[in-house]
Each structure stands twice: as structure tokens, then as C-alpha cells.
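Q:
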Amino acid sequence: MNSTVKNKKLSDWITEVAGMCQPDSIYVCDGSREEYDGMVEKLVLSGSAIPLKKRPRSYLFLSDPSDVARVEDRTFISTSSQAEAGPTNNWLDPAALKETMKSLYRGCMKGRTMYVIPFSMGPIGSPISKIGVEITDSPYVVVNMHIMTRVSSSVLEILGTDGDFIPCLHSIGAPLEKGQKDVQWPCAPMESKYISHFPEENLIWSYGSGYGGNALLGKKCLALRIASAMARREGWLAEHMLILRLTDPDGKQYHIAAAFPSACGKTNLAMMQPSLKGWKCECIGDDIAWMKIASDGRLHAINPESGFFGVAPGTSYDTNPMAMDTIRENAIFTNCALTDDGDVWWEGMTGDLPSHLIDWKGRDWTPESKADAAHPNARFTAAASQCPVICKDWENPDGVPIDIFIFGGRRGSVVPLVYEAFSWEHGVFLGATAASETTSANIGAIGNLRRDPFAMKPFCGYNMGDYFQHWLDMGERLGSKAPRIFYVNWFRKNQDGKFLWPGFSDNSRVLKWMCERVDNKTGARKSPIGLLPLEGALDLSCLSMGSEDMRELMSVDTAEWKAEIPDIEAHFAMFGKRLPQRLRKQLKDFSERLG
Ligand code: GTP
Ligand code: SPV
Ligand code: MN
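Per the working numbering, the sequence shown starts with residue 3, numbered consecutively.
1. The ligand MN heavy atoms versus the CB of S264: any closer than 7 Å?
2. Suppose only complete runs of 4+ residues qualify. What are the alpha helix (DSSP H) ranges in the stretch 129-205, listed by chain order?
3. Report back the beta-carbon spacing between V402 and I206 to the nearest angstrom; my notes put them in contact at under 8 Å.
4. For A20, which residues in the same chain have their Cβ closer than 7 Å to its Cβ, ignoring the five residues on either side in sequence?
5. Give every residue of the same chain whose Cβ lies closer than 6 Å to the Cβ of H573, excluding the five residues on either side of it in the sequence, and list them in chain order.
6. Within this structure, are the beta carbons of L542 and T524 separated by less than 8 Å?
7. Tell me the DSSP bridge mates of K495?
8. Would L62 count as contacting chain B if we go by Cβ distances under 8 Å?
9. From which residue to which residue does the alpha helix (DSSP H) around L218 run?
10. Does the distance from the C-beta atom of A333 to that of S60 stay below 8 Å?
11. Quick one: any contact between the stretch 175-195 and the stretch 131-138, if contact means 3 or more CB pairs under 8 Å?
12. At which residues does the beta strand (DSSP E) containing C283 begin and terminate?
13. By a C-beta neighbour count over all protein chains shown, 10 Å radius and 16 as the cutoff for buried, is N322 buried or exposed?
14. Output needed for E331: all residues of its chain with C-beta closer than 7 Å, excluding positions within five of it in sequence on either side, in chain order.
15. On the DSSP letters alone, give me the boundaries of the alpha helix (DSSP H) that Y550 sits inside.
16. How long is the line joining the alpha carbons of E18 and R108, rounded to whole angstroms?
17. For F456, verify whether its CB is less than 7 Å away from any heavy atom of the ligand SPV.
18. Return the first residue and the last residue of the beta strand (DSSP E) that Y213 is part of.
19. Drop a sphere of 10 angstroms on the beta-carbon of A233, count the other beta-carbons inside from all chains shown, and report buried for 16 or more, exposed for fewer.
20. Tell me the rounded alpha-carbon separation between A376 and E349.
21. Within its chain, find whatever has a CB closer than 8 Å to the CB of T163; leave out the 5 residues flanking it on each side and keep chain order.
22. Which word fits H358, buried or exposed, when buried means at least 16 other C-beta atoms lie within 10 angstroms of its C-beta?
23. In chain order, what are the residue ranges of uninterrupted beta strand (DSSP E) at least 3 long that sit wholly in the stretch 277-331?
24. Does the pairing of the stretch 379-396 with the stretch 501-513 give three or more beta-carbon distances under 8 Å?
25. With three or more C-beta pairs closer than 8 Å as the rule, is the stretch 424-440 touching the stretch 65-84?
26. Counting Cβ pairs closer than 8 Å, one from the stretch 480-491 and one from the stretch 239-253, do we hit at least three?
27. Could you check if L221 is buried or exposed, using at least 16 other CB atoms within 10 Å of its CB as the buried criterion?
28. Can you give me the start and stop residues for the alpha helix (DSSP H) that G101 sits inside?
29. Out of S529, D366, F63, E86, which has the shortest C-alpha to C-alpha gap to V185?
30. Just verifying my parser: in three-state terms, what is the DSSP assignment at A575?
31. Give me the DSSP bridge partner(s) of N92.
32. Measure the beta-carbon distance from A260 to I404 and round it to whole angstroms, keeping in mind my assumption that it falls under 8 Å.
33. Would you report the Cα separation of P167 and G113, rounded to the nearest angstrom?
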């Protein structure tokens, strides 16, 4: 081992894991630039990382074709009783799951180095931050963790001899026999992958996958699943939300947090550049928000991450120029295509198609090829500090006071562009019943409509019925200082299957209306689903959109909404007695409003 670890719990844990996993060597990370550079150099030499001639200090990784996204079917919330995990989570008995996983972990790091990564979610040393230590046998995970979290030896200093941390154990599950040649992206078969959480003891065990949320354990595993369970116990919120600051032409600031399911527009909205003159948007976070009630009685949000792990396909200078500028250098790309001149490419990046590429599976690609050049869940990893519109307060430990919550999803039909909740309680009902078409961010069917409450279905570390109650309780505590709640859908389509709304920078028009609602500058029209903008209240200046399309985009068809009721009833029925009575009442009221 390259360093002495003074923390008793950590050194005991390292010894225990090393005994079980039997790595060839142990390396404790310090988070330095030299460490990062040395690690990628090795990855380049072994053929796992392809250096990009066109982007300074940037690399492309191509994963195993089976290991391309989160695996919700293999993700477990292992609490002592199944009721605690609830109906939306996979559950296994902790003792049995640990036995199964221990037998997989035994000898799983043979022929490899075991990396120990001390990291902080949130600014190092801040009282709201959480310290984790990830043990992994994947150098790809180490370099991504360097960007996504604060990896540093000063985290070990803060731990001291007896400080506490969240242990995050990860193995790709691919030991090497003596003389065995490694593959480009080692991982284990689907049936032996496990992404396991033990929220009662703040513990994470992941095995078999090297991709994204399965392997970068600070992100979904710690900052959402474990943190949501802690947040409920301690009275705060850990949410799958972007955070942004919007400034109006008079200089007034609004802080917005929005929950959309995976690959449904958080990164894009977080860095959006308003098409409306005089409005400014700055990014604070693109995926996770931790929020606490501060001494001013308001809800303050921080972004616990330090980088973006963003969806590449669809990202372009037209749709998300700020993301494009963020990834010009010092970026990691995974499952993008490689151009002949040494750059990355993905569907939607440029208007013209390149004449030749190496696709994400390493095969030749031409515009005639039927397959996608980049995997639909191809991702970029880049430091938040590289974003040209990162907010100066993005690392402020006091966070930013939230004025507006937005829920939403991807719905080709039924759901209008925007509406407002009647009240906090109705807003919680909108969050609890949110539905969205599934995306390639998870391995499984794509385009299936499913309920994804608060965009947290894959990320809530406890019974979702209790989570709904927790949101109601937070509303009680916030009282008149609670953020206003809105619902949006950027993805409604016309008869020809084309998006009705231009989206991206034009989403600023919708945000402007929300700010005007907060300031009581505009009225609203009551509908059964919520409050709609008055005729002409949405600023559509300089937007070439037919009034027919606009009417279709904003239409609320009572029959279509009535058809949703049985599905909402079935969704609520899953929670049995744990469904708050007030949400049952909301559903009844909604039904009655529909007539
Ligand atoms: P995760 O990182 O998986 O949590 O996803 P995310 O919510 O950050 O999704 P992201 O912003 O990366 O968007 C995913 C896809 O939706 C991209 O291909 C975007 O181009 C597309 N998208 C985002 N915003 C809009 C929009 O306003 N309109 C349309 N039509 N597409 C959008
Ligand atoms: C998501 O799926 O919501 C992501 C990507 O943000 S991953 O880190 O893989 O979970
Ligand atoms: Mn996400």
C-alpha cells in the first residue's frame, strides 16, 4: 500500500476487503492531477482509453456491449424488512444478499490493483457534505470519480483517526489469472451483477458493472439512495434534480430545482441559455440536489457533485452550447463514436453526418450504416468548473434558496407544456403520479410509459409511500415559504410524431411564466389538472409557432386524463397503508374535477 491510513474504521475495512478480494496491490488515491494523468496513461497503454487528438487531455472509452447503462433489475435496497424498501424497489434479505455477494467478491480482484478513493460529496469540510470511500478495481472508475466527486487526501485528514464515512465497495467482477490478457472493458455477466444498498448501515456493495451509476458510487448510490434514507431520518431532501439560477432583465434572481427522469432534460435545462432577451441562466447542478431548511425558513439547495456525467446524443451547439464548451478539454467520453481525425461524434452533434467513423462497438460506420454510431446512453464526464455558465455560488455551502420546483417527464401525448399545482399538497400529488416514457439510461425496454414519482423511482432508498409523506411533512414545515410547484412536458408530439415545442433555449419562456406566477404578475386559468397560463401569457415573442400547434400543445383533454385514473389508482394501491391519506384525497378530488 502506498500510504498509511490513520482512520481505524477505514484501515480495518481496507484489510477486510483486501483479504476477501485478493488484489495484487493496493493504492490509496490522493486526487492529484499527476495521479489522474498517470492513470489515463496506463489506460491508454492497455488499450482501454483512446486519446482524442482534437480535444486536449480527453479520452474515449468503449464499454462492453452488455454494460452500457444502469441496471435497475439488478439494483437492491436491502433493509431488514421488505416493507421498509417498499413496492418500487427490489429487495433481498441483507444477510442472504451479503452471503451471495461475498462469494462473488472472494478473489474477484486477483491480478488487479485495488484502488481506495476518499471522496467528499459537497465541498470538502462543509457541514452539509458527506464523506465516502470507494474501493474499486476499475481505473476507469477512479478517473471518473476524480471529476464527479472531490477526491483528495484532505478527506482522509478530515476523517482523522475516528471520523465516519460511507463505505462504497465496487468490483467489476473480472479477476485475471496469471498471464491472462485483459479485455478492453472487463465486467461480469448480467445475472451476477448486483448494485446493493444497505441504508440501515449506510453501506454500498456493487459488483459486476463498470458503467455510470452502477460503478461511480458517489452519484446514485450514495448521493441519492443512501442520502434519501438519511434525509428522511434527519428531515431534509436528497433529490434527482438540477439546480439553476435565473436572473430577469431587472436583475432579480430566481432559483429553480427540477426533477425529470433520466435522459429527460435536466442537463439541458440546467445550462440553458434563454432565447428571451435580458434573461440569464446559470448552472448550479445538473442531476442531484440536497436541500435543507435554513435559518431563514426557506429550502436551500446544494449540488453534491463536482462534475457532469451527461447524455451525449442530442448535445450540440444548437441544443446545449454550454455543455459543448464544457467538454472541449479534460473530458472523458464513453460509448461515443470516433472520427477519423481523432474526435468524438454522436447522433445529433452536427447537421452533417461524418463520412466515416468507428462506432461505439469498434466497427466501421458510414452514413449508410443502420446502427447508431454512438450508443443512445453514451456519456461525457467533465468538471462542473469548466462550464462557462457555472454559477459563482455553485460551491457555496449555504446553498441557494429555492423559489420553484418543477416536475416533469417525457410524454408524447396527453400532458400539456406547463401547468401549476393548486397547492403544495397538490404539487406532491403531481410529483407522486409523474409518468414518463422509459429511456436508454437504464437497461430494459425503451419508450414504455411508467410512473416515475419525483423522477426518483430508481433512486429512492426506502419505501416510496413514506417518501411521499416526507414531502408532505416538509411542506408543513416550510409553510408559506415553500417553493411553488409546476409540471412541464417538453416532449408532446403532433400527429406526425414531431415535437410541438422547440424546447431547449425556448424553455426560458416557460420559466419566465413561472417567475411571473411567483411574483403574482399574472393570473392563471383553472383546469382539472392544475393552473394553466392565461391566453397570451406565455411570452412567445420572436417564436415562429403556429397558433394551432400552440393550442394542441396546451390542450387538456378530459377524456385522455380520465383514462389515466385507473393507472394512478393501481400505482397508489401498491403502497397500501403507507400511502398518505392526503394523496388518496387528492386523487379523489382530481377524479371529481374531471367529472
Ligand atoms: P440523466 O443524466 O440521465 O439524469 O438525464 P438528464 O435529465 O440530464 O437528460 P438530458 O438533459 O441529458 O437530456 C436527454 C435527452 O433529451 C437529450 O438527447 C436531449 O437532447 C433531450 N432534450 C433535453 N431537453 C430537451 C427539450 O427541451 N426538448 C427536446 N425535444 N429534447 C430535449
Ligand atoms: C441517470 O441515469 O439518471 C444518470 C446516469 O444520471 S447514471 O449515472 O448512469 O445513473
Ligand atoms: Mn440522473
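Note that the Cβ used here is the ideal one computed from N, Cα and C, for glycine as well.
A: A quick look at the data gives this:
1. Residue mapping note: residue 264 aligns to position 262 of the sequence shown, counting from 1. Checking every heavy atom of the ligand MN against the Cβ of S264, one is found closer than 7 Å.
2. With a minimum length of 4 residues, the continuous alpha helix (DSSP H) runs that stay inside the stretch 129-205 are 141-150, 155-161.
3. As a first step, residue 402 is located in the sequence shown; it is residue number 400 there, counting from the start. As a first step, residue 206 is located in the sequence shown; it is residue number 204 there, counting from the start. That belief does not hold up - the Cβ atoms of V402 and I206 are roughly 28 Å apart, past 8 Å.
4. Sequence index remark: in the sequence shown, residue 20 carries index 18 (1-based). Beyond the five residues adjoining it in sequence on each side, A20 comes within less than 7 Å, by CB distance, of I28, M116 in the same chain, given in chain order.
5. Here the question's residue 573 lines up with position 571 in the sequence shown. R453.
6. Taking the sequence shown and counting its residues from 1, one reaches residue 542 at position 540. Taking the sequence shown and counting its residues from 1, one reaches residue 524 at position 522. Their beta carbons are not under 8 Å apart, which means L542 does not touch T524 by this criterion.
7. Walking along the sequence shown from the start, residue 495 turns up at place 493. Beta-bridge annotation (DSSP): K495 is paired with F501.
8. The structure shown contains no chain B; it is built from a single protein chain.
9. Indexing the sequence shown from 1 puts residue 218 at position 216. From DSSP, L218 is part of no alpha helix (DSSP H); its letter is neither H nor E.
10. In the sequence shown, counting from the first residue as 1, residue 333 sits at position 331. In the sequence shown, counting from the first residue as 1, residue 60 sits at position 58. Between A333 and S60, the C-beta spacing is below 8 Å.
11. The stretch 175-195 is not in contact with the stretch 131-138.
12. Taking the sequence shown and counting its residues from 1, one reaches residue 283 at position 281. Boundaries of the beta strand (DSSP E) around C283: 282-287.
13. Translated into the one-based positions of the sequence shown, residue 322 becomes position 320. Classification for N322: buried.
14. Locating residue 331 in the sequence shown gives position 329, counting from the first residue. Taken in chain order, the residues that qualify are R57, P58, R59, S60.
15. The residue you call residue 550 lines up with position 548 of the sequence shown. The sequence given here has Glu at residue 550, not Tyr. Counting along the chain, the alpha helix (DSSP H) containing E550 begins and ends at 549-556.
16. Residue numbering aside, residue 18 sits at position 16 when the sequence shown is read from its first letter. Residue numbering aside, residue 108 sits at position 106 when the sequence shown is read from its first letter. Cα to Cα, E18 sits roughly 11 Å from R108.
17. Here residue 456 refers to the residue found at position 454 of the sequence shown. Between the ligand SPV and F456, a heavy atom-to-CB distance of less than 7 Å is absent.
18. Locating residue 213 in the sequence shown gives position 211, where the first residue counts as 1. No beta strand (DSSP E) holds Y213; DSSP gives it neither H nor E.
19. Translated into positions along the sequence shown, residue 233 becomes position 231. Counting other Cβ atoms within 10 Å of its Cβ, A233 reaches 16 or more and is therefore classed as buried.
20. Along the sequence shown, read from residue 1 onward, the residue named residue 376 stands at position 374. Along the sequence shown, read from residue 1 onward, the residue named residue 349 stands at position 347. Each residue's CA atom was taken as its position, placing A376 and E349 some 7 Å apart.
21. Here residue 163 refers to the residue found at position 161 of the sequence shown. Contacts found: K8, N9, K10.
22. One-based indexing of the sequence shown puts residue 358 at position 356. H358 comes out exposed.
23. Those beta strand (DSSP E) runs which fall completely within the stretch 277-331 and span 3+ residues are 282-287, 291-295, 301-304, 309-313.
24. Result no; under three Cβ-Cβ pairs closer than 8 Å.
25. No contact exists between the stretch 65-84 and the stretch 424-440.
26. Cβ pair count under 8 Å is below three, so no.
27. In the sequence shown, the residue the question calls residue 221 occupies position 219. In the sequence under discussion, the amino acid at residue 221 is Lys, which differs from the Leu named in the question. Flag for K221 reads buried.
28. Indexing the sequence shown from 1 puts residue 101 at position 99. Note that residue 101 is Glu in the sequence shown here, rather than Gly. Per DSSP, E101 belongs to the alpha helix (DSSP H) from 96-107.
29. As a first step, residue 185 is located in the sequence shown; it is residue number 183 there, counting from the start. It is F63.
30. Position 573 of the sequence shown, counting from 1, holds the residue named residue 575. For A575, the three-state secondary structure derived from DSSP is helix.
31. Taking the sequence shown and counting its residues from 1, one reaches residue 92 at position 90. Looking at the DSSP assignment, N92 forms a beta bridge with F78.
32. Indexing the sequence shown from 1 puts residue 260 at position 258. Indexing the sequence shown from 1 puts residue 404 at position 402. 10 Å between Cβ atoms; not a contact.
33. To locate residue 167, count along the sequence shown from 1; it is residue 165. To locate residue 113, count along the sequence shown from 1; it is residue 111. The question names Pro, but residue 167 in the sequence shown is Phe. Their backbone Cα atoms lie some 28 Å apart in a straight line.
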